[in-house]
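**Student:** Mind looking over this structure? Questions follow.
Protein chains: 2
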Amino acid sequence: MPTWLAPVGCWTCRWTRGRWVNVPRVTHQPPDQGPGQAPTLDEVARLAGVSRATASRAINGGNRVSQSAQTAVAEAVRTLGYSPNPAARSLVTRRTDSVALVVPEPDERVFSDPFFVHTLRAVNRVLAARDLQLVLLLARPEDESRMLRYLGERHIDGAIVVSHHQNDRLAEHLAALGLPCAFVGRPWTGEDRVAYVDTDNEAGSRAATELLISRGRRVIGHVAGPDDMTAAADRRAGWRSAVTTAGLRDDLVACGDFTEIGGEEATRALLAQCEEIDGLVVASDLMAVGVVRVLEAAGRRVPDDVAVVGYDDLGVAERITPPLTTIRQPIGDMAEQAARMLLDQIDERRAPRAVRVVFPPTVVERAST
Amino acid sequence: MPTWLAPVGCWTCRWTRGRWVNVPRVTHQPPDQGPGQAPTLDEVARLAGVSRATASRAINGGNRVSQSAQTAVAEAVRTLGYSPNPAARSLVTRRTDSVALVVPEPDERVFSDPFFVHTLRAVNRVLAARDLQLVLLLARPEDESRMLRYLGERHIDGAIVVSHHQNDRLAEHLAALGLPCAFVGRPWTGEDRVAYVDTDNEAGSRAATELLISRGRRVIGHVAGPDDMTAAADRRAGWRSAVTTAGLRDDLVACGDFTEIGGEEATRALLAQCEEIDGLVVASDLMAVGVVRVLEAAGRRVPDDVAVVGYDDLGVAERITPPLTTIRQPIGDMAEQAARMLLDQIDERRAPRAVRVVFPPTVVERAST
DNA sequence: TTGAAAGCGCTACCAC
DNA sequence: GTGGTAGCGCTTTCAA
Chain A
1 MPTWLAPVGC WTCRWTRGRW VNVPRVTHQP PDQGPGQAPT LDEVARLAGV
51 SRATASRAIN GGNRVSQSAQ TAVAEAVRTL GYSPNPAARS LVTRRTDSVA
101 LVVPEPDERV FSDPFFVHTL RAVNRVLAAR DLQLVLLLAR PEDESRMLRY
151 LGERHIDGAI VVSHHQNDRL AEHLAALGLP CAFVGRPWTG EDRVAYVDTD
201 NEAGSRAATE LLISRGRRVI GHVAGPDDMT AAADRRAGWR SAVTTAGLRD
251 DLVACGDFTE IGGEEATRAL LAQCEEIDGL VVASDLMAVG VVRVLEAAGR
301 RVPDDVAVVG YDDLGVAERI TPPLTTIRQP IGDMAEQAAR MLLDQIDERR
351 APRAVRVVFP PTVVERAST
Chain B
1 MPTWLAPVGC WTCRWTRGRW VNVPRVTHQP PDQGPGQAPT LDEVARLAGV
51 SRATASRAIN GGNRVSQSAQ TAVAEAVRTL GYSPNPAARS LVTRRTDSVA
101 LVVPEPDERV FSDPFFVHTL RAVNRVLAAR DLQLVLLLAR PEDESRMLRY
151 LGERHIDGAI VVSHHQNDRL AEHLAALGLP CAFVGRPWTG EDRVAYVDTD
201 NEAGSRAATE LLISRGRRVI GHVAGPDDMT AAADRRAGWR SAVTTAGLRD
251 DLVACGDFTE IGGEEATRAL LAQCEEIDGL VVASDLMAVG VVRVLEAAGR
301 RVPDDVAVVG YDDLGVAERI TPPLTTIRQP IGDMAEQAAR MLLDQIDERR
351 APRAVRVVFP PTVVERAST
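Protein sequence lines correspond, in order, to chains A and B. So the first sequence is numbered by UniProt numbering: it starts at 1 and just counts up by one. So the second sequence is numbered by UniProt numbering: it starts at 1 and just counts up by one.
Put into C-alpha cells, the structure is as follows:
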C-alpha cells in the first residue's frame with residue numbers, strides 16, 4: 001500500500017488544489033440489520049396459509065397448484081421479498097443453473113482478442129435464454145489446478161472451453177469427471193471423448209494460400225500462431241499443403257502469439273530470412289495488423305510488393321489500412337452451437353458424447369491481395 | 001442454423017479440397033458411468049474408520065483431530081477422489097466463497113477497454129490469494145433485473161462494482177440488500193451508503209488543462225466521456241474549472257463514449273465548432289487515439305498545431321504515435337484496495353460501511369504536448 | 001479428541 | 001390439489 005494512503009476507515013487522502021489534504025472519513029452506518037436474515041420458504045408458506053410443499057410448487061412453475069394458492073404464495077413472496085436459497089435448492093435438484101466458460105489463457109490476451117468477445121457474447125446469449133448464469137473461469141497456467149478443483153467440486157452444471165492448449169489436458173480431465181462440456185476448437189487429445197465445434201482451419205488456410213498463388217505470388221511465407229494450439233497447427237498445415245502442391249518454398253514460417261506484437265516480430269524474422277517474399281498468409285487478423293505495420297516500415301507496399309491474407313474477420317480486418325483480405329470463421333455460430341451442445345448434455349444428464357461439428361471458413365477479399 | 005450444417009450427432013460437414021463432404025460422426029461413448037455419483041463425506045468417514053464429524057473437522061483445517069485420524073481421512077479422500085459438495089457446505093456455513101465483479105456495460109466495451117482488464121486482474125489477484133472464486137457479472141441494461149435477482153439470491157458473498165452508471169441504482173440496491181460490496185469509481189447516488197475507491201478525477205483533469213495552459217495553449221477543448229458516469233463528469237468539471245479560471249473559452253466540449261470511434265466523432269464535432277482549437281483535454285486514452293487520428297486526417301500536427309492530453313495511462317498512451325501525454329490513475333492499486341475493502345466487510349459479516357478512499361492522479365508527460 | 005444428532009432451506013415423493 | 005415427510009451433504013454444537 002502506498003505510504004500516502006491513509007488507513008481505510010479513518011481518513012481519506014485527497015489531492016485538492018495542488019496539495020494533499022486529509023479528510024475525515026464519512027461514514028453513514030445504516031441501521032445495522034446484519035446480513036438481513038433472508039426469509040425462508042417456511043415463512044412464505046405460513047404467510048400464504050399453505051404448506052411448504054405447495055409454496056414450493058407454486059414458486060417452481062405452479063404445476064398442480066390451485067389458482068388461489070398460486071396468488072396467495074405470489075403475494076407472500078412479494079411482501080416478504082423472498083428469494084429461494086440457491087444452495088438449498090441445488091442440494092436437492094443437483095443442478096446449480098450455472099455454466100462455466102473456461103479460458104485457459106493469461107488474461108491480457110483474452111481481452112485484447114476479439115475472438116473471445118464474440119465467443120462470450122454468443123454463449124451468453126444462449127445461456128441467458130435459459131436463465132443460466134455464466135461463470136467466467138480465467139485460468140492462467142499457474143492456477144490451473146485451482147480451476148480443475150473448482151470444476152471437480154461441481155459448482156457448475158457444465159463447461160464450455162475455448163482456446164485450449166496442448167499441455168492442459170482439459171479434455172481428458174473433464175471427460176474423466178463426467179462433467180458435461182463442449183469445446184470451441186478441436187482439443188489436442190481426448191478429441192474422441194468430448195464434444196467440440198471447430199472450423200476447417202486447414203482448408204481455410206489452404207484457400208488463403210491458393211488465392212495468393214492464383215494472384216501470381218511465388219514466395220509465400222506464413223506467420224503462424226502458437227505451436228500449442230490446434231487452430232494454429234491446422235492453419236500452418238493448410239499453408240504448407242498449398243505451397244508444397246504448387247512447388248513453392250515451404251520453409252518461410254515464423255511463429256507469433258496471436259497478438260499484434262507477435263505479428264511484428266514474426267514479420268521481421270521472415271524479412272530477415274528472405275527478402276523476396278511477395279505474399280504472407282497470417283494466422284490471425286490481429287497479427288496481420290502487426291505484419292502490415294512492419295512491412296510498411298520496411299518500405300514494402302501492401303499489396304503491391306507483398307500481398308497479405310489474415311484470418312478471423314472479426315472487425316479488425318476491415319478497419320485497418322489497407323482493408324485486409326482474410327478468412328472468415330463464423331465464431332458466433334460456432335460458440336452458439338457449442339453452447340447448445342452443452343445444454344443438450346446437461347438436459348440429458350449424462351456423460352458427454354463425442355459429437356463434433358465443423359464449420360466452413362469463407363474467403364473474404366479486400367484490398368490487401 | 002445454416003442449412004449446410006448436418007444434424008448434430010449424425011454427420012459432420014467438412015470442407016475438403018474445395019468441396020463439401022459429409023463425414024460420419026465419430027462417437028466414442030465412454031462406459032456410461034452417468035454423472036458419476038460423487039463420493040460423500042459419509043463414505044470418506046466410513047473408509048477412514050471415523051465419524052462424519054471427525055472427517056469434516058479433518059478436512060476443514062484439522063482442528064481438534066488426532067494425527068492418526070487426520071492421515072486416515074486424508075488417505076480416504078485421496079482414494080475416493082472426494083471433494084466436498086459446495087451447495088451442502090454453503091447451506092450450513094452461509095458462505096459461497098465466491099465474489100462477483102459486476103460490470104454494468106454492454107460487453108463489447110468491456111473487452112476493448114484496458115481499464116477493465118487491469119481491474120479484473122487486480123481483483124482476481126486479491127481473491128485468488130484467499131481462494132475465492134470470481135464470478136464475472138456482465139449486465140447489459142436489458143438484463144439488469146436478472147443481475148439484481150442473482151445478487152439478491154445470494155449466490156455470492158459480496159460484489160465489486162465497476163463502471164457504474166447514473167441510472168442503474170446499484171449502490172442503493174446493494175445497500176438495501178445488505179450485501180457486502182465495494183465500488184470502483186464513485187457512485188452517483190447512495191455514495192454515503194457504500195464503500196468505494198476513486199481517483200480525484202477533477203484534480204487530474206484540471207492538472208491536464210493547466211499543463212496545456214502553461215504551454216501557451218489558449219483555445220482548449222474537451223472530449224468528455226459519457227454523461228452518466230461520475231468519472232466523466234468529474235473530468236469535465238476539472239477542465240471547466242481550469243479554463244474558466246484562466247479566462248478561456250469553456251464551451252468547447254463534445255461527448256464521446258470512451259471508445260476510439262467516440263473520440264473521432266467528438267473531435268470532428270469540435271473542429272467543426274471551432275477551427276482555432278490548439279489544445280484538447282481528452283477523458284480517456286482510448287478516445288485520444290481517435291482524436292489524434294482525426295486531427296492528423298484534418299491536417300493538424302500533434303502537438304505542433306494541437307496539443308493533446310489523454311487520461312488513464314494503461315499502455316495505449318505510450319504505444320501510439322506520438323506517445324501521449326496523459327494522466328495516470330493507479331487502476332491496479334484502486335481495484336486491489338476495493339477488493340480488500342470487500343473482504344473486510346465479508347469477514348466482519350455485516351452491512352457495508354461507507355468507507356471511501358481516493359487515489360491521486362499523476363501527470364505523465366510524453367510527446368503530445 | 002470423538003461421535004451422535006440437530007439442523008441449514010429446499011424439493012419431491014406419496015398418500016390423501 | 002394438497003400437505004406431511006424424507007432426505008440432499010455438510011458443519012457444528014454438545015455431551016461423553
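Glycine is no exception: its CB is placed at the ideal position from the N, C-alpha and C atoms.
Can you find the residues in the same chain that come closer than 7 angstroms, C-beta to C-beta, to B/Q337, ignoring five residues on each side of it along the sequence?
**Tutor:** Contacts found: V197 and V357.
**Student:** Taking only beta-carbon atoms, is A/F116 less than 8 angstroms away from chain B?
**Tutor:** So, interface residue.
**Student:** For A/V223 and A/R149, I'd like the C-alpha separation in whole angstroms.
**Tutor:** Using only the alpha carbons, I get a separation of about 36 angstroms.
**Student:** Can you tell me whether A/E365 is buried or exposed? The criterion is at least 16 other CB atoms within 10 Å of its CB, across all chains shown.
**Tutor:** Under this definition A/E365 is an exposed residue.
**Student:** With 8 angstroms as the threshold, decide whether the Cβ of B/A335 is near any Cβ in chain A.
**Tutor:** Not one chain A Cβ lies under 8 angstroms of B/A335.
**Student:** Does A/L5 come out as helix, strand or coil in the three-state DSSP assignment?
**Tutor:** Only weak support is given to the placement of A/L5: the predicted model assigns it a pLDDT of 25, under 50, and the value that follows is read from those uncertain coordinates. Looking at A/L5 - three-state DSSP - the assignment turns out to be coil, as it is neither helix nor strand.
**Student:** Check the Cβ of A/V135 against every Cβ in chain B and list those closer than 7 angstroms, keeping chain order.
**Tutor:** Result: V135.
**Student:** With distances taken from CA atoms, which of B/V281, B/D285 and B/R268 is nearest B/A297?
**Tutor:** Taking only the C-alpha atoms, the option nearest B/A297 is B/R268.
**Student:** Under DSSP, the beta strand (DSSP E) around A/V102 begins and ends at which residues?
**Tutor:** From DSSP, the beta strand (DSSP E) with A/V102 extends over S98 to V103.
**Student:** Against chain B, does A/E108 count as a neighbour if the rule is that its beta carbon must be under 8 angstroms from one of theirs?
**Tutor:** Chain B contact via Cβ: present.
**Student:** Contact between the region 307-314 of chain B and the region 324-344 of chain B: three or more CB pairs below 8 angstroms?
**Tutor:** Judged by Cβ distances under 8 angstroms, the region 307-314 of chain B makes contact with the region 324-344 of chain B, as three or more pairs qualify.
**Student:** Which value, in whole angstroms, describes the spacing of the CA atoms of A/L120 and A/L101?
**Tutor:** Straight-line Cα distance between these residues: approximately 8 angstroms.
**Student:** Ordered along the chain, which non-local residues of its own chain (more than five positions away) have a Cβ less than 6 angstroms from that of B/P35?
**Tutor:** The predicted position of B/P35 is uncertain, since its pLDDT is 47 and thus under 50; no value can be drawn from it.
**Student:** Contact defined as beta carbons within less than 8 angstroms: I believe A/R293 pairs with A/E264. What is the distance between those atoms, to the nearest angstrom?
**Tutor:** Yes, A/R293 and A/E264 are in contact; Cβ-Cβ is about 6 angstroms, under 8 angstroms.
**Student:** Name the DSSP bridge partner or partners of A/C181?
**Tutor:** Per DSSP, A/A159.
**Student:** In whole angstroms, give me the CA-to-CA distance for B/G227 and B/C255.
**Tutor:** A small fix is needed here, since residue 227 of chain B is Asp in this sequence, not Gly. Spanning the two alpha carbons is a distance of roughly 7 angstroms.
**Student:** If I follow the unbroken beta strand (DSSP E) through A/D312, where does it start and stop?
**Tutor:** A307 to D312 is the extent of the beta strand (DSSP E) around A/D312.
**Student:** Do you know how far the Cα of B/P114 is from the Cα of A/L91?
**Tutor:** Distance between the alpha carbons of A/L91 and B/P114: 39 angstroms.
**Student:** With H, G and I counted as helix, E and B as strand and the rest as coil, what does DSSP make of A/D344?
**Tutor:** Looking at A/D344 - three-state DSSP - the assignment turns out to be helix.
**Student:** If the cut is a Cβ gap below 8 angstroms, which residues of chain B does A/P104 touch?
**Tutor:** What A/P104 touches in chain B: nothing, since even the nearest Cβ is about 14 angstroms away.
**Student:** Within 10 angstroms of the Cβ of B/D234, are there 16 or more other Cβ atoms? Answer buried if so, exposed if not.
**Tutor:** By the neighbour-count rule (16 or more Cβ atoms within 10 Å), B/D234 is buried.
**Student:** Nearest-angstrom Cα distance between A/T209 and A/P141?
**Tutor:** Taking the straight line from one Cα to the other gives about 34 angstroms.
**Student:** Any idea if B/E105 is buried or exposed, counting beta-carbon neighbours within 10 angstroms, 16 or more meaning buried?
**Tutor:** Flag for B/E105 reads buried.
**Student:** For A/Q133, does the three-state DSSP call read helix, strand or coil?
**Tutor:** If DSSP states are grouped into helix, strand and coil, A/Q133 belongs with the strands.
**Student:** Please compile the residues from chain A whose C-beta is within a distance smaller than 8 angstroms of the C-beta of B/R268.
**Tutor:** Near B/R268 there are no residues of chain A at all, since even the closest Cβ is about 17 angstroms away, more than 8 angstroms.
**Student:** Measuring alpha carbon to alpha carbon, tell me which of B/G190, B/A231, B/V184 and B/E108 ends up nearest B/S205.
**Tutor:** That would be B/A231, whose Cα lies nearest to the Cα of B/S205.
**Student:** When you check each C-beta in the region 146-159 of chain B against every C-beta of chain A, which residues fall closer than 8 angstroms?
**Tutor:** The region 146-159 of chain B vs chain A, Cβ under 8 angstroms: R146, R149, Y150, G152, E153, R154 and H155.
**Student:** For A/R293, go through chain B and note every residue whose CB falls closer than 8 angstroms to its CB, in chain order.
**Tutor:** The contacting residues do not exist; A/R293 stays about 11 angstroms from chain B at best.
**Student:** Runs of 3 residues minimum, wholly inside the region 169-222 of chain B: which ones carry the beta strand (DSSP E) assignment?
**Tutor:** If we require 3 residues or more, the beta strand (DSSP E) runs fully inside the region 169-222 of chain B come out as 181-184 and 195-199.
**Student:** In chain order, what residues of the same chain lie with their CB nearer than 7 angstroms to the CB of B/I156, ignoring the 5 residues before and after it?
**Tutor:** Within the same chain, B/I156 has close Cβ partners T96, S98, V99, A100 and V135.
**Student:** Please decide whether B/D285 counts as near chain A, where near means a Cβ-Cβ distance under 8 angstroms.
**Tutor:** No, no contact with chain A.
**Student:** Step through the CB atoms of chain B and report whether any lies within less than 8 angstroms of the CB of A/R121.
**Tutor:** Output row for A/R121: interface = yes.
**Student:** Starting from the beta carbon of B/S83, find every residue of chain A whose beta carbon is closer than 9 angstroms, and list them in chain order.
**Tutor:** Near B/S83 (Cβ distances below 9 angstroms), the residues of chain A are R149, G152, E153 and R154.
**Student:** With DSSP as the reference, identify every bridge partner of A/L280, one or two as the case may be.
**Tutor:** Answer is A/G221 and A/V308.
**Student:** I'd like to know if A/F258 contacts chain B, where contact means its C-beta is closer than 8 angstroms to some C-beta of that chain.
**Tutor:** Cβ-Cβ to chain B under 8 angstroms: no for A/F258.
**Student:** Using alpha carbons as the reference points, say which of B/S68, B/G62 and B/V77 lies closest to B/P39.
**Tutor:** Measuring from the Cα of B/P39, the nearest candidate turns out to be B/V77.
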